[in-house]
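Last residue of the sequence shown: number 444 in my numbering, and the count goes up by one each step with no gaps.
Cβ coordinates follow ideal geometry from the N, Cα and C atoms, glycine included.
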Amino acid sequence: MIEKNFIFHMPVSKKALSGSVAWRSPSNIALIKYWGKTDPQIPKNASISFTLSNCHSNTRLDFSPKATPSDQYDFQVFLDGKKAPDFEPKIAAFFKRVDTYLPFLKTYSFDIKTENSFPHSSGIASSASGMSALSLCLMSLQKLIDPSISEEDFFKKASFLARLGSGSAARSLTGPLVVWGEHPDIHGSSDLYGTAFTNLVHANFRDYQDTILLVDKGVKQVSSTIGHKLMLGHPFAKARFEQAQNNLSRMVEILKSGNLEDFIDVVEKEALSLHAMMMTSDPYFVLMKPNTLEIIEKIWAFRRSSGSHICFTLDAGANVHVLYPLKDKDLVEAFIASDLAPFCENNQFIQDQVGMGASQL
Ligand code: DP6
């Protein structure tokens, strides 16, 4: 599939519609990280993530034909029922980016009403789930205008659009494992959209658990967008992109064999490499907090003493994702409550697990 295949050709004599569509999209946690991209949102390496279940965005798109035609986008954004003008520039930039592929955007007035299952100020990025849900709503509108699209192409294009809103959003449509970025070991993988990972996956990775420890709920000092930019011209960029491609090759084998020790090794290496890139950018920055490191040390010590398969990963922030197989759930949950929760803001953490992707509401 190439970019021009995603252009929607409007049926000539179709009257504009009024109505409403809604989707729930999950968040995701990358095992192999996307960090570094070129225009337009093309990743420098392939990534793979677990789709989450409890952390999600619900987005409703109300649409009606514009009263008077204009060359502007006409939309309002509501977060948790309140008008959210802060989100408008991001949505306007997104509309501009996807305009070629959805040529009806300027003929409609939109109300975009979104809410997240996780607290707004939890430090958990809502861009992946939010952009995925909005893209699915826009695809539902395209489908109302012209129902001929197949289910497979519907999701492919929704992921393609989501990617143009936020790279990691391309991985937030299906589950339980999604790949984004071309990789020689993964048939059908693409830089343009995410695809469900269809290679063999061992039962050890079924219902994998993710407890998100809310170490720092504040706004990050450096956004992902800036962080990605700093990878261009980064002294270690080439080695990092190669490392990620190799780690993904290893991960494909691990997912097949079910080797949890190797899984832990790759996942933690990826998390620390991501943060090492931040610390060696110019200008450098650190998103981990002292409590992030306290938690990592405690996870390592507990793994040694308990023999459980607990490990951690990080996204672009101080929060820690604690990953573990279902068989270790009782043991690890007790440990988190007693030993890790005290390092979280207000002892807060979110219990999540691998999920199957978005659903229409
Ligand atoms: C560290 O997808 O948030 O979470 O494409 O600029 O919106 P933009 O960036 P974003 O970057 C996510 C980076 C990451 C790793 C990952 O999810 O793969």
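Quiz item: Going by the beta-carbon positions, is the gap between L295 and H404 smaller than 7 Å?
Solution: By one-based count along the sequence shown, residue 295 stands at place 212. By one-based count along the sequence shown, residue 404 stands at place 321. Looking at the sequence shown, residue 295 is not Leu but Ile. Closer than 7 Å, so yes.
Quiz item: According to the Cβ coordinates, are K196 and F243 closer than 7 Å?
Solution: Numbered from 1 along the sequence shown, position 113 holds the residue referred to as residue 196. Numbered from 1 along the sequence shown, position 160 holds the residue referred to as residue 243. Taking 7 Å as the Cβ cut-off, K196 and F243 do not qualify as a contacting pair.
Practice problem: Measure from the alpha carbon of E416 to the alpha carbon of each residue in S391, Y156, P123 and L397, then state which is nearest. | Solution: Counted from its first residue, the sequence shown places residue 416 at position 333. Among S391, Y156, P123 and L397, the Cα nearest to that of E416 belongs to S391.
Quiz prompt | Where P109 sits in the DSSP three-state scheme | solution = Residue 109 sits at position 26 when you count from the first residue of the sequence shown. Looking at P109 - three-state DSSP - the assignment turns out to be strand.
Quiz prompt | Same chain only: Cβ atoms within 7 Å of V104, ignoring 5 sequence neighbours per side | solution = The count along the sequence shown starts at 1 and reaches residue 104 at position 21. Around V104: L144, C220, S223 and L224.
Practice problem: Determine, using beta carbons only, whether M93 and P186 come nearer to each other than 7 Å. | Solution: Residue numbering aside, residue 93 sits at position 10 when the sequence shown is read from its first letter. Residue numbering aside, residue 186 sits at position 103 when the sequence shown is read from its first letter. For M93 and P186, yes; Cβs fall inside 7 Å.
Quiz item: Under 6 Å from any heavy atom of the ligand DP6, does the C-beta of D398 make it?
Solution: Numbered from 1 along the sequence shown, position 315 holds the residue referred to as residue 398. Yes, Cβ of D398 sits closer than 6 Å to a heavy atom of the ligand DP6.
Quiz item: Taking DSSP as the reference, what is the three-state secondary structure of V160?
Solution: Counting from 1 along the sequence shown, the entry for residue 160 is found at position 77. V160 carries a strand assignment under DSSP once its states are collapsed to helix, strand and coil.
Quiz item: Who pairs with Q436 in a beta bridge, going by DSSP?
Solution: Taking the first residue of the sequence shown as position 1, residue 436 is located at position 353. Answer by DSSP bridge pairing, in chain order: Q292.
Quiz item: Using a threshold of 6 Å, is the CB atom of G119 nearer than that to any non-hydrogen atom of the ligand DP6?
Solution: Position 36 of the sequence shown, counted from the first residue, corresponds to residue 119. Checking every heavy atom of the ligand DP6 against the Cβ of G119, none is found closer than 6 Å.
Exercise. Flag S130 as yes when its Cβ comes closer than 6 Å to any non-hydrogen atom of the ligand DP6, and as no otherwise.
Key: As a working note, residue 130 is residue 47 in the sequence shown. Indeed, a heavy atom of the ligand DP6 lies less than 6 Å from the Cβ.
Practice problem: Quick one: using the 10 Å Cβ neighbour count with 16 as the cut-off for buried, is Q292 buried or exposed? | Solution: Residue mapping note: residue 292 aligns to position 209 of the sequence shown, counting from 1. So Q292 counts as buried.
Practice problem: For the beta strand (DSSP E) containing R143, list its first residue and its last residue. | Solution: The residue labelled residue 143 in the question sits at position 60 within the sequence shown. Taken as a continuous stretch (DSSP letters only), the beta strand (DSSP E) holding R143 covers S130 to P148.
Quiz item: What does D194 pair with, by DSSP beta-bridge criteria?
Solution: Reading the sequence shown from its first residue, position 111 is the one you call residue 194. Per DSSP, D145 and Q159.
Exercise. Please name the residue or residues paired with M401 in a DSSP beta bridge.
Key: Here residue 401 is taken as the residue at index 318 of the sequence shown, counted from 1. Here residue 401 turns out to be Ala, not Met, going by the sequence shown. Its beta-bridge partners do not exist; DSSP assigns none.
Exercise. Compute every distance between the C-beta of A113 and the non-hydrogen atoms of the ligand DP6, then say whether any falls below 6 Å.
Key: The count along the sequence shown starts at 1 and reaches residue 113 at position 30. It does: the Cβ of A113 is within 6 Å (strictly closer) of some heavy atom of the ligand DP6.
Exercise. Identify, in the order they occur along the chain, each residue of the same chain with its Cβ nearer than 8 Å to the Cβ of Y367, setting aside the five sequence neighbours on each side.
Key: Taking the sequence shown and counting its residues from 1, one reaches residue 367 at position 284. The answer, listed in chain order, is M361.
Quiz prompt | Candidates G248, I232 and A176, of which the one nearest N88 by Cα | solution = What you label residue 88 is simply residue 5 of the sequence shown in a count that begins at 1. The residue with the shortest Cα to Cα distance from N88 is I232.
Quiz item: Taking just the CA atoms, how far does Q436 sit from W106?
Solution: Here residue 106 corresponds to residue number 23 of the sequence shown, with the count starting at 1. Here residue 436 corresponds to residue number 353 of the sequence shown, with the count starting at 1. Taking the straight line joining both Cα atoms gives about 20 Å.
Quiz prompt | Cβ-Cβ distance between L376 and N287 below 7 Å | solution = Position 293 of the sequence shown, counting from 1, holds the residue named residue 376. Position 204 of the sequence shown, counting from 1, holds the residue named residue 287. Going by C-beta atoms, L376 is not nearer than 7 Å to N287.
Quiz item: CB-CB under 8 Å to N330, same chain, minus the five flanking residues each way: which ones, in chain order?
Solution: Residue numbering aside, residue 330 sits at position 247 when the sequence shown is read from its first letter. Only I115, V349, K352 and E353 meet the Cβ criterion.
Practice problem: Output yes or no for whether 7 Å exceeds the beta carbon distance between L260 and F280. | Solution: For the purposes of this step, residue 260 is taken as residue 177 along the sequence shown, with counting starting at 1. For the purposes of this step, residue 280 is taken as residue 197 along the sequence shown, with counting starting at 1. Their beta carbons are under 7 Å apart, which means L260 touches F280 by this criterion.
Self-check item: Cβ-heavy atom distance, K116 to the ligand DP6, below 6 Å
Solution: By 1-based counting over the sequence shown, the position of residue 116 is 33. Yes, since a heavy atom of the ligand DP6 falls inside the 6 Å radius drawn around the Cβ of K116.
Practice problem: Starting from the Cα of S147, find the closest Cα among P425, D194 and M371 and give me that residue. | Solution: What you label residue 147 is simply residue 64 of the sequence shown in a count that begins at 1. With distances taken between Cα atoms, S147 lies closest to D194.
Quiz item: Closer than 6 Å: is that where the CB of G250 sits relative to any heavy atom of the ligand DP6?
Solution: Locating residue 250 in the sequence shown gives position 167, counting from the first residue. Yes, Cβ of G250 sits closer than 6 Å to a heavy atom of the ligand DP6.
Quiz prompt | Distance CB(S108)-CB(A216) smaller than 7 Å | solution = Counting from one through the sequence shown, the residue named residue 108 turns up at place 25. Counting from one through the sequence shown, the residue named residue 216 turns up at place 133. Closer than 7 Å, so yes.
Quiz item: Nearest to S153 by CA position, among Y191, S132, E171 and H139, is which residue?
Solution: Here residue 153 refers to the residue found at position 70 when the sequence shown is read from its first residue. Per the Cα distances, Y191.
Quiz item: Which residue's Cα is closest to the Cα of K303: E234, S442, Q159 and A401?
Solution: Taking the sequence shown and counting its residues from 1, the one referred to as residue 303 is at position 220. Nearest C-alpha to K303: A401.
Quiz prompt | Beta-carbon gap between A252 and A211 smaller than 7 Å | solution = For the purposes of this step, residue 252 is identified with residue 169 of the sequence shown, where counting begins at 1. For the purposes of this step, residue 211 is identified with residue 128 of the sequence shown, where counting begins at 1. Their beta carbons are under 7 Å apart, which means A252 touches A211 by this criterion.
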